[in-house]
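For the sequence shown, numbering that gives the first Met the number 0 assigns the number 0 to the initial residue and increments by one for each residue that follows.
No residue lacks a Cβ here, since even glycine has one placed at the ideal position from N, Cα and C.
Note that the structure is predicted; figures quoted are calculated from it, not measured.
Read the structure below first, then the notes.
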Amino acid sequence: MTIQGIDVASYQSTTYDTTGQSFVFVKATEGTSYLNPRYSGQVAHARAAGLVVGHYHFQHHGDAAGQVAYFAAHASVKPGDIIALDWEQAGLTTADKDEWLKLAKAKYPHNKVILYTYTSMWKGVDTSSFVQDGLWIADPNHPAGHPDVKDAWVFHQFSSPAGMDHNVGNFADKAALQAWAGSTPAPAPKPVPKPAPVYAPFPGDRYFFYGRTSKLVTEVGKALVRAGYKGYKIGPTPVFGPGDRKGIAWFQRQHAELAGQADGHFGPLTWKLLKVAVPK
């Protein structure tokens, strides 16, 4: 499940439509000399609509520290806001990107700092896969929520109808985005149920005579060891031998329901209780 959002810059109105949106990224700065003249109004409009607010900086060549300082001097970042680096200018390097992200995170340790870029830059230029707190990927050639990247992503910019960039966020709802961004406490993670173990079906007793060789014999030995049997001098091995027979008899003696069956030969109940893994 995903949520909807947009990103805006100086060529959008300060009263852009927020209907159905959960978040907005507003362009703040470029390099060390450009400030979006509509930045303050666009941020105020987003806050008035109750959206999660992101602020992004368009990176120029060189002086990453100076660019982070310029952004910080002009961006009105609050707790729970997101900071993004727009890394798309031709000639920028992985080192440029990584340095800006790390410096911005040091400046804003309690805010999420993420990378925005196109798939061409991500696949063709980047060599570190470093995104700080998340990847915002621009890919207008694939459906919303299905960008052409194998890496984890948090936002996907997928289309620009009528000059407005549309995005989806990889979150179940706005509350989940707020929790991730730090404006609300994160919900406790739900435990992931473990898959039910799969055991080998009872094969009859045909594999379990001296000298018979089978991967199933090895799994029987491993199951006996897991159960506490210590009678192997060598093994378990795929060749059925006296140690295996003694082990099966030992196992049968440990279970009251197998009373009278401690002969070292498998029946369906002994096999079920031993829980032999499927051979690989």
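- Residue pairing by DSSP places PHE57 opposite GLU29, ASP85 in a beta bridge.
- By the beta-carbon neighbour count (other beta carbons within 10 angstroms, threshold 16), ASN140 is exposed.
- Residue nearest to ALA137 within the set THR126, ASP62, LYS229, TRP121 is TRP121 (criterion: CA-CA distance).
- Within the same chain, and ignoring the five residues on either side of ASP164 in sequence, the residues whose Cβ sits closer than 7 Å to its Cβ are ILE5, ASP6, GLN156.
- If the five residues before and after TYR15 are omitted, its C-beta is found closer than 6 Å to the C-beta atoms of VAL7, all from its own chain and listed in chain order.
- For ASP243, the enclosing alpha helix (DSSP H) starts and ends at 241–252.
- Put simply, the backbone Cα of GLY53 is about 9 Å away from that of LYS111.
- For PRO160, the closest C-alpha among the options ASP80, LYS149, ALA94, GLN11 is that of GLN11.
- Counting only runs of 3 or more residues that sit fully inside the stretch 117–158, the beta strand (DSSP E) segments are 134–137, 154–158, in chain order.
- It is roughly 13 Å from the alpha-carbon of THR118 to the alpha-carbon of ALA89.
- Beta bridge pairing from DSSP links LEU34 with THR28.
- When the five nearest sequence neighbours on each side are left out, the beta carbons in the same chain lying within less than 7 Å of the beta carbon of ALA63 are those of ASP95, GLU98, TRP99, LEU102, in order along the chain.
- Straight-line measurement puts the Cα of LYS193 at about 40 Å from the Cα of TRP86.
- Taking 8 Å as the upper bound for CB-CB distance, SER9 and LYS26 are in contact here, some 7 Å apart.
- Apart from sequence neighbours up to five positions away, the residues of its chain that approach TYR55 with a beta-carbon distance below 8 Å are ASP6, PHE24, VAL25, LYS26, ALA27, ILE82, ALA83, LEU84, ASP85, TYR115, ordered along the chain.
- Contact between the stretch 239–248 and the stretch 163–182 is not established, with fewer than three Cβ pairs separated by less than 8 Å.
- Taking every protein chain shown into account, the CB of GLY65 has fewer than 16 other CB atoms within 10 angstroms, so this residue is exposed.
- With a cutoff of 8 Å on beta-carbon distance, ASP243 and VAL216 are scored as near each other.
- Between the C-alpha atoms of ALA255 and MET0 there is a straight-line separation of about 52 Å.
- With a contact defined as Cβ atoms closer than 8 Å, LEU91 and GLN58 qualify at about 6 Å.
- Under DSSP, GLN3 takes part in a beta bridge, and its partners are VAL167.
- Per DSSP, reduced to three states, the secondary structure at VAL51 is strand.
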